[in-house]
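Remarks on the structure that follows.
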């Protein structure tokens, strides 16, 4: 179901004096409706101020009338790629992603921050920090395990790189991981990736309890509601957290009032998907790693290291997985970033369509995460089969451009990354997300990054970018009657102050440096889940 039906007839709410913006509908000459009415969780009417006067006098009981004084109303946002518990830990714990840690002295700043955090949390079983990025540091390298030990002597410390695909662990934590020195991805300086990283995370499952995980999930859900986000897609996987975390995320979402769609990233695990009640075996089912950690799978070596990254699945496995999910009525999908990984994805999807037929695969509404470096051939396959690209515009906003991290890792190949315009032109459905905590929860910043793409010609029109972060997210989760301001649709709404004004289509001004909209209220299925003080 698209939205739960209330047990009793809900009170009518009338929003009036607004500027209504539905990104899927062109602006009307001379303006459009300025009021809407919500009842039983759905939009029941749109109209003028005179209409609002009439609505205010109808319905069961006295209606709630909200005068918006010219504020902008849009569909609420959907974040199509979130790690809820990790986001909560970043919000409540040691966040290493801020501008201080991007300075030339970033390595020393990280170690100083860890030392302060350790003093403030003497009883924590593990010191968890997230978001470091060594690229702009003068040292040009991550911290080492020995440096973590000096900053927090004897403590179990786990600091994750911003992309989440490599971390550094202290000797005290490393000593708890069975066979760690023999696993692929371990280096004696305390850095872990691949199998070694997964083993460390498995050990953390026994050190961080459900109480801490639920508190983190609650913090993340409150933060999403406070960013105008009504729905989110939890990208769970065995290498990220235990199965039990799914119930905690759902509980936190229910408490706050958000709509959570959960994916489980495990290959061919159809019975597990049924047991967990997830939407699909997709999300962070990793086909490769990330550019920053040099683990994304490339067809040619990285510009700054003699490696092509790491591929975790081949075309045959993709084919088998897509067929199994399609037959089971599950969405299939993968985390895929590098061109070699995406070539395998494209080949595997094409083989699945050859076996099942294009229509059957298209009906599966499968999805891919990130899709950063696809070839034209792969884009063609995704468009033909209606595979959604769940992409993160802030990746380009933070790391694109001729002097960004992508250029450092890929040289001129950075211009091939995040081809949003090419994907859309080929008919690939787009949904926007943050990959939080990899990037922060900031939907308008993501929309702006998609419009002002660092690769000339790959930016989207503002309405198209807004649609990808609203309607596109619901469609990616197969919830077809959410994400529009239209009669009969679920009332997922966000109310905004627009200090920089709006353009001719009614979209907030998104020029670089312009102040982005400020949230006044978030409604999910007609219920207010956040209101600015």
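Residue numbers (full-length UniProt numbering): 1 to 533.
We put the CB at the ideal spot given by N, CA and C, even for glycine.
Pull up the distance between the alpha-carbon of residue i and that of residue j, whole angstroms please.
i           : j           : result
residue 429 : residue 307 : 32 Å
residue 2   : residue 323 : For residue 2, the pLDDT reaches just 47, beneath the cut-off of 50, and the residue's location in the model is therefore unreliable, although a value from the coordinates is still provided. The alpha-carbon atoms of residue 2 and residue 323 are separated by roughly 26 Å.
residue 418 : residue 39  : 40 Å
residue 225 : residue 530 : 6 Å
residue 156 : residue 115 : 12 Å
residue 173 : residue 164 : 18 Å
residue 437 : residue 289 : 16 Å
residue 370 : residue 343 : 14 Å
residue 303 : residue 466 : 34 Å
residue 110 : residue 410 : 26 Å
residue 353 : residue 491 : 36 Å
residue 137 : residue 282 : 35 Å
residue 408 : residue 269 : 37 Å
residue 524 : residue 258 : 7 Å
residue 199 : residue 376 : 36 Å
residue 347 : residue 406 : 25 Å
residue 498 : residue 23  : 16 Å
residue 100 : residue 440 : 16 Å
residue 142 : residue 232 : 31 Å
residue 301 : residue 312 : 17 Å
residue 237 : residue 434 : 17 Å
residue 145 : residue 168 : 6 Å
Which of the three DSSP states, helix, strand or coil, is assigned to residue i?
i           : result
residue 452 : coil
residue 411 : helix
residue 318 : helix
residue 264 : strand
residue 186 : strand
residue 311 : coil
residue 160 : strand
residue 533 : coil
residue 507 : coil
residue 88  : helix
residue 135 : coil
residue 522 : strand
residue 6   : With a pLDDT of 41 at residue 6, under the threshold of 50, the modelled position of that residue is not reliable, and no figure is offered here.
residue 527 : strand
residue 110 : helix
residue 177 : coil
residue 285 : coil
residue 380 : helix
The alpha helix (DSSP H) that contains residue i, what's its start and end?
i           : result
residue 64  : From DSSP, residue 64 is part of no alpha helix (DSSP H) but of the beta strand (DSSP E) over 64-67.
residue 431 : Looking at the DSSP string, residue 431 is not in any alpha helix (DSSP H); the run it does join, the beta strand (DSSP E), is 430-432.
residue 197 : 194-205
residue 211 : 210-225
residue 104 : Here residue 104 belongs to no alpha helix (DSSP H), and DSSP marks it neither H nor E.
residue 272 : 270-276
Taking all protein chains shown into account, do 16 or more other C-beta atoms lie within 10 angstroms of the C-beta of residue i, making it buried, or fewer, making it exposed?
i           : result
residue 235 : buried
residue 482 : buried
residue 255 : exposed
residue 213 : buried
residue 175 : exposed
residue 203 : buried
residue 316 : exposed
residue 70  : exposed
residue 184 : exposed
residue 147 : buried
residue 403 : exposed
residue 178 : exposed
residue 105 : exposed
residue 284 : buried
residue 361 : buried
residue 218 : buried
residue 545 : With the chain running from 1 to 533 in the structure shown, residue 545 is simply not present.
residue 448 : buried
Can you find a heavy atom of the ligand PLP that lies under 8 Å from the Cβ of residue i?
i           : result
residue 378 : Among the components modelled here there is no ligand, and therefore nothing to report on the ligand PLP.
Please name the residue or residues paired with residue i in a DSSP beta bridge.
i           : result
residue 368 : 334, 389
residue 240 : Beta-bridge pairing links residue 240 to no other residue.
residue 418 : In DSSP, residue 418 forms no bridge with anything.
residue 232 : 79, 260
residue 169 : 158
residue 483 : Answer is none; residue 483 lacks a bridge partner.
residue 95  : 130
Output the boundary residues of the beta strand (DSSP E) element that contains residue i.
i           : result
residue 130 : 127-132
residue 13  : 13-16
residue 463 : Not the beta strand (DSSP E): residue 463 falls in the alpha helix (DSSP H), residues 462-469.
residue 47  : 42-47
residue 494 : 493-497
residue 37  : 35-39
Could you tell me whether any Cβ in chain C is nearer than 9 Å to the Cβ of residue i?
i           : result
residue 178 : In the structure shown, chain C does not exist; there is a single protein chain.
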